[in-house]
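Undergrad:
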Amino acid sequence: MSGKFIVFEGVEGCGKTTQMQRCFQWLESLNISALLTREPGGTELGKDLRALLLEKSPSKPVGEVTELLLYAADRSQHIEEELKPNLAIGKFILCDRYTDSTIAYQGYGRGLNMNLIHQLNQIATGGLESDLTIWLDVDVEVGLSRKRGQAKLDRIEQETITFHRRVQQGYTELAASNPSRIVRIDGNNSQDIVQKNIQEILQQRLFS
Numbered sequence: 256m257s258g259k260f261i262v263f264e265g266v267e268g269c270g271k272t273t274q275m276q277r278c279f280q281w282l283e284s285l286n287i288s289a290l291l292t293r294e295p296g297g298t299e300l301g302k303d304l305r306a307l308l309l310e311k312s313p314s315k316p317v318g319e320v321t322e323l324l325l326y327a328a329d330r331s332q333h334i335e336e337e338l339k340p341n342l343a344i345g346k347f348i349l350c351d352r353y354t355d356s357t358i359a360y361q362g363y364g365r366g367l368n369m370n371l372i373h374q375l376n377q378i379a380t381g382g383l384e385s386d387l388t389i390w391l392d393v394d395v396e397v398g399l400s401r402k403r404g405q406a407k408l409d410r411i412e413q414e415t416i417t418f419h420r421r422v423q424q425g426y427t428e429l430a431a432s433n434p435s436r437i438v439r440i441d442g443n444n445s446q447d448i449v450q451k452n453i454q455e456i457l458q459q460r461l462f463s
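The sequence shown begins at 256 in my numbering and counts up one residue at a time.
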């Protein structure tokens, strides 16, 4: 079986990490070689970039365009070091966030120029798109309440509710514009139901 690139997207607290872990275990049970990775932070360089992007430092704020460029740098390194080599040997890659996150967060959330974002995504990816993107759609308030019940919030999680609603609107419009690539799954359901729906979608889209 050839390699497949599966991305998980959604607002904060949508359940990506849990569902990716369960999906990884399911694929392994089917003897499908899989890889869990994330953006930012899927490489050694990316781990340093992730710290710069997500650790809140009021005395040294990250500029909005700087933020965008750091995400692009992380993505470029990730693709060359992890994504392309593992796809080439037939692995199923489960990736926590990819280009749609940049459009949703930096485009819709921050209000940065969409043409610039698309150009940087193209440069960073070299045209590599996901075979399938799973959008775990949850209410913004529900997702943030999950996060606030956990450890301390990172820089993005601490943004205003208005910001996160703009991000959610971005995902809604992206899914409507890319129905062949992005599949919405209701993340407000139980973990078991969400996982069952993910497995059904993978079987329909990638195993047939």
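Virtual Cβ for every residue (Gly too), placed ideally from N, Cα, C. A quick note: this is a predicted structure, and the numbers were derived from the prediction, not measured.
Please tell me whether LEU387 and VAL266 are closer than 9 Å, where the distance is taken between their beta carbons.
TA: Taking the first residue of the sequence shown as 1, we reach residue 387 at position 132. Taking the first residue of the sequence shown as 1, we reach residue 266 at position 11. Against a cut-off of 9 Å, the Cβ pair of VAL266 and LEU387 comes out as no contact.
Undergrad: Helix, strand or coil for ARG352? Go by DSSP, reduced to three states.
TA: Here the question's residue 352 lines up with position 97 in the sequence shown. Residue state, collapsed to three classes: coil.
Undergrad: Closest to ASN376 by CA distance: which of ALA327, GLY268, GLN361 is it?
TA: Mapped onto the sequence shown, residue 376 falls at position 121. Residue ALA327 is the option with its Cα nearest to ASN376.
Undergrad: On the DSSP bridge assignment, give the partners of ALA289 in chain order.
TA: By 1-based counting over the sequence shown, the position of residue 289 is 34. Paired residues: PHE347.
Undergrad: Indicate the three-state DSSP secondary structure (helix, strand or coil) for ASP409 in the structure shown.
TA: The sequence position of residue 409 within the sequence shown is 154, counting from 1. In the structure shown, ASP409 sits in coil (DSSP, three-state: anything other than H, G, I, E or B).
Undergrad: Taking a contact to mean a Cβ-Cβ separation below 9 Å, would you say THR354 touches THR321 in this structure?
TA: By 1-based counting over the sequence shown, the position of residue 354 is 99. By 1-based counting over the sequence shown, the position of residue 321 is 66. No. Outside cutoff.
Undergrad: Compute the distance between the beta-carbons of LEU367 and PHE260, then report whether it is under 9 Å.
TA: On the sequence shown, residue 367 is found 112 positions in, with the first residue counted as 1. On the sequence shown, residue 260 is found 5 positions in, with the first residue counted as 1. Not in contact: LEU367 and PHE260 (Cβ atoms no closer than 9 Å).
Undergrad: Evaluate the contact criterion for the stretch 274 to 294 versus the stretch 449 to 463: three or more CB pairs, one atom per stretch, below 8 Å.
TA: Touching, yes, given that three or more Cβ pairs across the two stretches are closer than 8 Å.
Undergrad: What first and last residue would you give for the alpha helix (DSSP H) that runs through THR427?
TA: Along the sequence shown, read from residue 1 onward, the residue named residue 427 stands at position 172. Segment 416 to 432, the alpha helix (DSSP H) holding THR427.
Undergrad: Using three-state DSSP, classify GLU299 as helix, strand or coil.
TA: Position 44 of the sequence shown, counted from the first residue, corresponds to residue 299. Reduced to three states, the DSSP call for GLU299 is helix.
Undergrad: What residues in its chain sit with their C-beta under 6 Å from that of MET369, if we drop five residues either side in the sequence?
TA: Looking up residue 369 in the sequence shown gives position 114. Within the same chain, MET369 has close Cβ partners GLY362.
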